[in-house]
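Structure, as structure tokens:
In the working numbering, the protein residues as written are 9 to 144.
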């Protein structure tokens with residue numbers, strides 16, 4: 009019985025000593041000061057943010073309709089041009105309207121456009137239309 013009391017007393021004493029001598033503030037170690045990423049204003053207005061392979065990605069659309077994908081570090085990851093009549097590889101027709109949002113589903117990104125007539129189009133990153141919704 010004495011042995012058990014001694015073990016319990018020593019354990020309690022060690023627990024109290026560890027509690028009072030421990031560090032009570034979280035420490036965060038940084039290799040270097042984090043620098044903010046820079047995005048040129050020429051990329052246009054921010055349309056939406058999506059989950060990305062390295063964190064969060066943001067999508068911009070400029071006045072000409074060019075869509076740019078930028079990582080959270082400010083690095084441009086991709087660009088989709090717009091065209092009027094002659095299709096370009098990976099381009100998006102201007103007739104689809106302006107970019108409203110983007111959706112990531114099972115690792116694939118779909119862009120959501122709305123034109124002046126209220127037609128909503130879901131388009132893949134390769135420029136292929138998946139679905140179309142008409143508003144009445």
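Even for Gly, the Cβ is constructed at its ideal location relative to N, Cα and C. A quick note: this is a predicted structure, and the numbers were derived from the prediction, not measured.
Taking all protein chains shown into account, decide if residue 46 is buried (16 or more other Cβ within 10 angstroms of its Cβ) or exposed. Here residue 46 refers to the residue found at position 38 of the chain shown. Exposed: under 16 other Cβ atoms inside 10 Å.
Which first and last residues belong to the alpha helix (DSSP H) in which residue 11 is found? As a working mapping, residue 11 is identified with position 3 in the chain shown. 10-29 is the extent of the alpha helix (DSSP H) around residue 11.
When 134, 124 and 132 are compared against residue 144, the one with the closest alpha-carbon: Walking along the chain shown from the start, residue 144 turns up at place 136. Of the candidates 134, 124 and 132, the one whose C-alpha sits nearest the C-alpha of residue 144 is 124.
For the beta strand (DSSP E) that residue 41 lies in, which residues bound it at each end? In the chain shown, counting from the first residue as 1, residue 41 sits at position 33. For residue 41, no beta strand (DSSP E) encloses it, and the DSSP letter there is neither H nor E.
Residue 84 - containing beta strand (DSSP E), residue span: If you number the chain shown from 1, residue 84 lands on position 76. Its beta strand (DSSP E) spans residues 84-88.
When you compare each of 27, 102 and 76 to residue 51 by their alpha carbons, which one comes out closest? Position 43 of the chain shown, counting from 1, holds the residue named residue 51. The shortest C-alpha separation from residue 51 is found at 76.
Helix, strand or coil at residue 94 according to DSSP, with G and I counted as helix: Translated into the one-based positions of the chain shown, residue 94 becomes position 86. Look at residue 94 here: in three-state DSSP terms it is coil, with no helix or strand label.
Beta-bridge pairing of residue 70 - partner residues as DSSP gives them: Residue 70 sits at position 62 when you count from the first residue of the chain shown. In DSSP, residue 70 forms no bridge with anything.
Please state the DSSP three-state secondary structure of residue 139. Along the chain shown, read from residue 1 onward, the residue named residue 139 stands at position 131. Residue state, collapsed to three classes: strand.
Which residues mark the beginning and the end of the beta strand (DSSP E) in which residue 109 is found? By one-based count along the chain shown, residue 109 stands at place 101. Segment 106-113, the beta strand (DSSP E) holding residue 109.
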